[in-house]
Amino acid sequence: NAGVTQTPKFRVLKTGQSMTLLCAQDMNHEYMYWYRQDPGMGLRLIHYSVGEGTTAKGEVPDGYNVSRLKKQNFLLGLESAAPSQTSVYFCASSYRDGNYEQYFGPGTRLTVT
Amino acid sequence: AQSVAQPEDQVNVAEGNPLTVKCTYSVSGNPYLFWYVQYPNRGLQFLLKYITGDNLVKGSYGFEAEFNKSQTSFHLKKPSALVSDSALYFCAVRDIKGYSTLTFGKGTMLLVSP
Numbered sequence: 001n002a003g004v005t006q007t008p009k010f011r012v013l014k015t016g017q018s019m020t021l022l023c024a025q026d027m028n029h030e031y032m033y034w035y036r037q038d039p040g041m042g043l044r045l046i047h048y049s050v051g052e053g054t055t056a057k058g059e060v061p062d063g064y065n066v067s068r069l070k071k072q073n074f075l076l077g078l079e080s081a082a083p084s085q086t087s088v089y090f091c092a093s094s095y096r097d098g099n100y101e102q103y104f105g106p107g108t109r110l111t112v113t
Numbered sequence: 001a002q003s004v005a006q007p008e009d010q011v012n013v014a015e016g017n018p019l020t021v022k023c024t025y026s027v028s029g030n031p032y033l034f035w036y037v038q039y040p041n042r043g044l045q046f047l048l049k050y051i052t053g054d055n056l057v058k059g060s061y062g063f064e065a066e067f068n069k070s071q072t073s074f075h076l077k078k079p080s081a082l083v084s085d086s087a088l089y090f091c092a093v094r095d096i097k098g099y100s101t102l103t104f105g106k107g108t109m110l111l112v113s114p
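Protein sequence lines, in the order shown, are assigned to chains A and B. Heads up: the first sequence at position 78 corresponds to 78 in the working numbering, and the numbers run straight through without jumps. Heads up: the second sequence at position 85 corresponds to 85 in the working numbering, and the numbers run straight through without jumps.
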């Protein structure tokens, strides 16, 4: 039982490049989330999904897209990376909605130069 | 809107002493409240939650938190701190009136000295 896994762990991009971050969970959770963590800002929700085939915007969705084609996977895409997207990205999942605890992945450290 | 505030960026405590990490919240309905802990270079781990019932909630690693509706607070406490408790602690809230996701505070760094 791996829980929540994220790939890659580290990545360096040049401005304007694109990339996809992959999140996978093996707990059969309905809800999945993408957050970014910046110093002094806490965790901010980018996008989330309440089930396979669904996505919704969070607090800071601009510049990101997501897809949830399979229940166990949640992909975060950056179409044209900007230095402001330098951050640590965390994926999380929960059994259902916000009264269930979230399980977090180990994070992806992204640097955009 | 739902929001949460952690007024202290850092809390310092000596090992063996009691610790408190403060959290206040703002919701229009009733809150669901959570505490998470983050160790260096790791994801967040769930500590405890308040959904309903007893105002004193006990969680992992000897931590507990008290829900105070009149003061809109949910402070995290532990009777005797350990050096290994040193980490970043996040409070989070969900307003059951219209929200399905959590809003996290900015985090409080807890440093326990030997």
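Cβ atoms here follow ideal geometry from the backbone N, Cα and C, with glycine treated the same way.
- Relative to the Cα of F104(B), the nearest Cα in the group K97(B), V93(B), L111(B) and S113(B) belongs to V93(B).
- Taking a C-beta cut-off of 7 Å against chain B, the contacting residues of the region 88–100 of chain A are F90, D97, G98 and N99, listed in chain order.
- Put simply, the CB of T101(B) is near chain A, with a gap under 7 Å to one of its CB atoms.
- With contacts defined by Cβ atoms closer than 7 Å, L75(A) and T5(A) do not form a contacting pair.
- Taking CB atoms only, G107(A) has a neighbour in chain B less than 7 Å away.
- Per the Cβ contact rule, the region 37–48 of chain B is not in contact with the region 15–24 of chain B (fewer than 3 Cβ pairs under 8 Å).
- Between N55(B) and F46(B), the CB-CB gap reaches or exceeds 7 Å.
- For the region 41–54 of chain A, residues whose beta-carbon sits nearer than 9 Å to a beta-carbon of chain B comprise M41, G42, L43, R44, L45, Y48 and V50.
- Using a Cβ-Cβ distance cut-off of 8 Å, the region 12–27 of chain A and the region 36–53 of chain A are not in contact, since fewer than three pairs of beta carbons, one from each stretch, lie closer than that value.
- Counting every other CB atom within 10 Å of its CB across the protein chains shown gives R68(A) a total of 16 or more, marking it as buried.
- Around the beta carbon of V13(B), 16 or more other beta carbons sit within 10 angstroms, so the residue counts as buried.
- Measuring C-alpha to C-alpha distances from L82(B) to each of P114(B), F34(B) and D95(B) identifies P114(B) as the nearest.
- In summary, the residues of the region 53–69 of chain A whose CB is separated from some CB of chain B by less than 9 Å are A56, G58 and E59, in the order they occur in the chain.
- In this structure, H47(A) places its C-beta atom within 7 Å of the C-beta atom of T55(A).
- Scanning chain B for C-beta atoms nearer than 9 Å to the C-beta of Q102(A) yields F34, Y36, L44, F46, A92 and L102, reported in chain order.
- If you draw a 10 Å sphere on the C-beta of P79(B), you find fewer than 16 other C-beta atoms in it, and that means exposed.
- Sorting F104(A), A92(A), A81(A) and Y95(A) by C-alpha distance to the C-alpha of L13(A) places A81(A) at the top.
- The alpha carbon of A87(B) has as its nearest neighbour, out of K69(B), V112(B), F74(B) and A65(B), the alpha carbon of V112(B).
- Listed along the chain, the chain A residues whose CB falls inside 7 Å of the CB of K106(B) are G40, M41 and G42.
- Residues of the region 50–61 of chain B with a C-beta less than 7 Å from any C-beta of chain A: I51, listed in chain order.
- Annotated three-state conformation of G77(A) is strand, per DSSP.
- Counting only runs of 3 or more residues that sit fully inside the region 16–80 of chain B, the beta strand (DSSP E) segments are 19–21, 24–26, 31–38, 44–50, 56–58, 64–68 and 73–78, in chain order.
- When beta bridges are read from the DSSP output, R44(A) appears opposite R36(A).
- F90(A) is a Cβ neighbour of G43(B), given a cutoff of 7 Å.
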